[in-house]
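Numbered by my numbering, the letters in the sequence shown go through residues 1 to 99 in order.
For every residue, glycine included, the Cβ atom is placed at its ideal position computed from N, Cα and C.
Note that this is a predicted model, so its numbers are computed, not measured.
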Amino acid sequence: MPDRPEIVCICGSTRFVNEMRAANRDLTFAGVIVVAPGEADELITNEQKTVLDALHLRKIDLADRVLVVNPGGYIGESTSREITYAHTTGKPISFTDPV
């Protein structure tokens, strides 16, 4: 038995916010600690996006593995960058849909 629950970082396009919320809920009820992208109710500035993108890489650092929420196989530019980062840091990566 591990000393703590598994930590999973969710990655994916903000267009799939509802799917990411569902994955977060399912993982949480399975006893997993979930680290997810930040959410904003309004448009964000380029500066804010840069800060959030860098923060999300630190979230990947905290995680034991990464789950990419990619309905229909869609992976955007930011998510692709996060996958590359996770891969280079040796994090296991799984996808909700085939790529």
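Open item on the list: For the structure I just gave you, are there three or more beta carbon pairs, one from the stretch 30-44 and one from the stretch 6-20, closer than 8 Å?
Closed with: The stretch 30-44 and the stretch 6-20 touch, with no fewer than 3 CB-CB distances between them shorter than 8 Å.
Open item on the list: Suppose contacts are defined by Cβ-Cβ distances below 8 Å. Is residue 68 in contact with residue 93 by that definition?
Closed with: The sequence position of residue 68 within the sequence shown is 68, counting from 1. The sequence position of residue 93 within the sequence shown is 93, counting from 1. Result yes, Cβ atoms of residue 68 and residue 93 sit closer than 8 Å.
Task: Backbone CA spacing between residue 18 and residue 56 [nearest angstrom] - done: Here the question's residue 18 lines up with position 18 in the sequence shown. Here the question's residue 56 lines up with position 56 in the sequence shown. Taking the straight line joining both Cα atoms gives about 18 Å.
Open item on the list: Considering only the alpha carbon of each residue, which of 16, 25, 60 and 23 lies closest to residue 82?
Closed with: Reading the sequence shown from its first residue, position 82 is the one you call residue 82. It is 60.
Open item on the list: Rounded to whole angstroms, what is the Cα-Cα separation between residue 95 and residue 70?
Closed with: As a working mapping, residue 95 is identified with position 95 in the sequence shown. As a working mapping, residue 70 is identified with position 70 in the sequence shown. Near 7 Å, if we compare the C-alpha coordinates of residue 70 and residue 95.
Task: residue 57 - containing alpha helix (DSSP H), residue span - done: Start at 1 with the first residue of the sequence shown, and residue 57 comes out as number 57. Counting along the chain, the alpha helix (DSSP H) containing residue 57 begins and ends at 46-62.
Task: Contact set for residue 99: own chain, Cβ-Cβ below 6 Å, skip 5 residues either direction - done: Locating residue 99 in the sequence shown gives position 99, counting from the first residue. Only residues of its own chain outside the window of five on either side were considered, and among them 73 have a CB closer than 6 Å to the CB of residue 99, listed in chain order.
TODO: Just confirm the distance between the C-beta atoms of residue 65 and residue 91, as a whole number of angstroms; I'd bet it's less than 8 Å.
DONE: To locate residue 65, count along the sequence shown from 1; it is residue 65. To locate residue 91, count along the sequence shown from 1; it is residue 91. Indeed they touch by this definition, with Cβ atoms about 6 Å apart.
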